[in-house]
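The next block holds one structure in the form of structure tokens; read it before the comments.
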DNA sequence: TTGTAAGCGTTATCAC
DNA sequence: GTGATAACGCTTACAA
């Protein structure tokens, strides 16, 4: 209603081709109802005029936006340091591309705002489906999609925490098994874990899996929760290594904490892996180039993204989607972990 | 036209409030033309019914999608390793949020596909503006927006390379000055640079700036171009250090190459910084945690993103936008660089 | 102040 | 096989 936008519309094509609007629509959508002659003519004209269906009009008409929504929780510190979100987005967009879908991205400083963005999306019909990541215990976002089937949603978390929503999960049980078993075989008997925020579904699942696994093998296990940040990781590491009774291996819930803690560990006089083994629960380029390199649990996050996209596209198609757990854990052995040293630890545990 | 979507429309509100559609529209948009009584009633009803304007209808009606488009060049290797794109996106979305805009994301394996996505967006009116990143010399994407002012575009490159489009640039001249001067003062007389792809605008600008700066100070300078990847960086490093006449400092165009090359340098028997100083042209968390830590040029990429968003929003508003160069270079001095050693280098330059 | 109606660009239903 | 025409939900002249 504003400017006389110079876009080519279906009417322009119809006029030029000397046929009606509906003929054009049929022809362009490959539907029956037009003769081959007309179809050819229309296609030719449309091509020459560079016609493309207006997305807003199409969305209005067939109630499909061809957008999948994702809200980034804008956590300054971690977002830019971890590659997880970027890899996920890469996988998502690549797969959505196959069906001509786009990723609609917004960001929110907190969960409160995120919830209202989602409500906005639902009410405005701005997206055909939504991906929910970083699920928390009793996450209020889930409720938005649980009852009303207005907009399909996929939760990136364990199925048991998705409140009935279809979920795409990591195999945390398998991961815990892999890591704990490995450390056990190296001779470690007391393992600590420096974990992510306690209210994260993610963390909760790992907590349980780890406790189970440690119990099964008769290992001592203690766990500190923090916020995934370098500072948080270092603080917990310092506290942990200041205790009179120290673990011989630390598992970090992310690579950022593992990496930054290496320095702290060194400053406190411990050698890795001679005095202390370090394992990161997720892998990244950083684990390869750090000194020492870090043993880490590798998962294909890009593939996670494309799998999520596939599931979302199915949901949009109205198909039933079963929750999936991706079993692609692989522990990459690097320098930061090794057998329990025979020599007594020389670390003093002094704070700098 | 398909399902009887249970969304609340403006007509529902009108019916419930007992007024006409236009009254509702006026009331909800804060425009004159309705009495305060009616307005209050309408607002109340709309609130109770949870009404939100349908985005497709709104987009169709006022020819504004409230989307800004960005195409990710899906370069598997680098995208997930570098934090640049993620930080940019964080800044973009955070700023777009202030005006209720979203970032529409698609990905393309190559520049050919990217161009057609852009053409599609223009023809379909799917976005109100577009951000062009990773500009290449003679970039064909620029041409799409140069002549026709259908969709405003902002180029993330030097203004001289933007073909007349408004541009948001880094201060590469200042950066070269900072880095070369620093190395010069440390006593280095032969500096090498391992750069990004030659066809990137980015690289081109840096090449020139670096040559100028080196010439001014009478330094020797040589440059190898590669692809930003760890492997590319290592390969060039090895070649460079195998030469009989070696530089005493290497500047890497990104942190990924700098980091992975540290290992290569070590394997070849050189010590950093005693035998060789290493500087990275961009900073990241990785530069802080590597051993040794890496001297790097720090820029606020998140701020780059929000500045870009601000400019894009101005363009959408139809305002004239001047190209901007952000002058926030800061060289962070870390362990990887130092004065030219007085002792002869002990490196043998042997390949492993 | 209010309601009616046309228009945004599609798709789909109907007569012809 | 073809061309009007209504509908999607909203904005905005224009009448009443």
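Protein chains in written order, with this note's numbering: chain S, 1 to 352; chain Y, 1 to 352. We put the CB at the ideal spot given by N, CA and C, even for glycine.
- Of the residues 99(S), 72(S) and 62(S), the one whose Cα lies closest to the Cα of residue 89(S) is 72(S).
- In this structure, residue 221(S) lies away from residue 233(S), with their beta-carbon atoms at least 8 Å apart.
- Residues of chain Y whose Cβ lies closer than 7 Å to the Cβ of residue 74(S) are, in chain order, 90 and 94.
- Counting only runs that start and end inside the region 255-322 of chain Y, the alpha helix (DSSP H) elements of at least 4 residues fall at 255-267, 285-289 and 301-316.
- With a 10 Å radius around the Cβ and a threshold of 16 neighbouring Cβ atoms, residue 160(Y) comes out exposed.
- Taking a 10 Å sphere around the C-beta of residue 137(Y), we find fewer than 16 other C-beta atoms and assign the residue as exposed.
- For residue 335(Y), same chain residues with a beta-carbon under 6 Å away, outside a window of 5 residues either side, are 292 and 293 in chain order.
- Rounded to whole angstroms, the gap between the alpha carbons of residue 199(Y) and residue 225(Y) is 10 Å.
- The beta carbon of residue 9(Y) does not come within 8 Å of any beta carbon belonging to chain S, so the residue lies off that interface.
- Assignment of residue 333(Y) by DSSP, reduced to helix, strand and coil, places it in the coil class.
- Collapsing the DSSP output to three states places residue 69(Y) in a strand.
- Proximity of chain S to residue 60(Y) at the Cβ level (cut-off 7 Å) is accounted for by 56, 57 and 60, in chain order.
- Contact with chain Y is absent for residue 200(S), since none of that chain's Cβ atoms lies less than 8 Å from the residue's Cβ.
- Annotation for residue 12(S): no beta strand (DSSP E) segment contains it, though the alpha helix (DSSP H) segment containing it runs 10-17.
- As DSSP reads the structure, residue 154(S) sits in a beta bridge with 131(S).
- Taking a C-beta cut-off of 8 Å against chain S, the contacting residues of the region 240-268 of chain Y are 256, 259, 260, 262 and 263, listed in chain order.
- For residue 61(S), the enclosing alpha helix (DSSP H) starts and ends at 55-62.
- Taking 9 Å as the upper bound on Cβ-Cβ separation, chain S lies near residues 50, 51, 52 and 53 of the region 38-53 of chain Y.
- Under the three-state reduction of DSSP, residue 170(S) is assigned to strand.
- Pairing residue 133(S) with residue 142(S), the inter-Cα distance amounts to about 10 Å.
- Judged by pairs of C-beta atoms under 8 Å, the region 60-74 of chain Y touches the region 90-103 of chain Y, as three or more such pairs exist.
- The C-beta of residue 120(Y) comes closer than 8 Å to at least one C-beta of chain S.
- In the three-state DSSP reduction, residue 90(S) falls in the helix class (H, G or I).
- Put simply, the backbone Cα of residue 114(S) is about 12 Å away from that of residue 144(S).
- Going by C-alpha positions, residue 21(Y) is about 60 Å away from residue 236(S).
- Looking at the backbone, the Cα of residue 42(S) and that of residue 56(S) are separated by about 22 Å.
- Residues 228 and 282 of the same chain have their beta carbon placed closer than 6 Å to that of residue 254(Y), with the five preceding and five following residues left out of the count.
- Exclusion of the five residues before and after residue 330(S) leaves 298 as the residues of its chain whose Cβ lies within less than 6 Å of its Cβ.
- Around the CB of residue 273(S), 16 or more other CB atoms lie within 10 Å, so the residue is classed as buried.
- Between the alpha carbons of residue 37(S) and residue 17(S) lies a gap of roughly 11 Å.
- Bounds of any beta strand (DSSP E) do not take in residue 110(S), whose DSSP letter is neither H nor E.
- Between residue 105(Y) and chain S, the shortest Cβ-Cβ separation is below 8 Å.
- With a cut-off of 8 Å on Cβ pairs, the region 150-168 of chain S is not in contact with the region 256-271 of chain S, counting fewer than three such pairs.
- Counting C-beta pairs closer than 8 Å gives three or more between the region 198-217 of chain S and the region 168-178 of chain S, which meets the contact rule.
- With its beta carbon at least 8 Å from every one in chain Y, residue 145(S) lies outside the interface.
- According to the DSSP assignment, residue 195(Y) belongs to the beta strand (DSSP E) that extends over 190-195.
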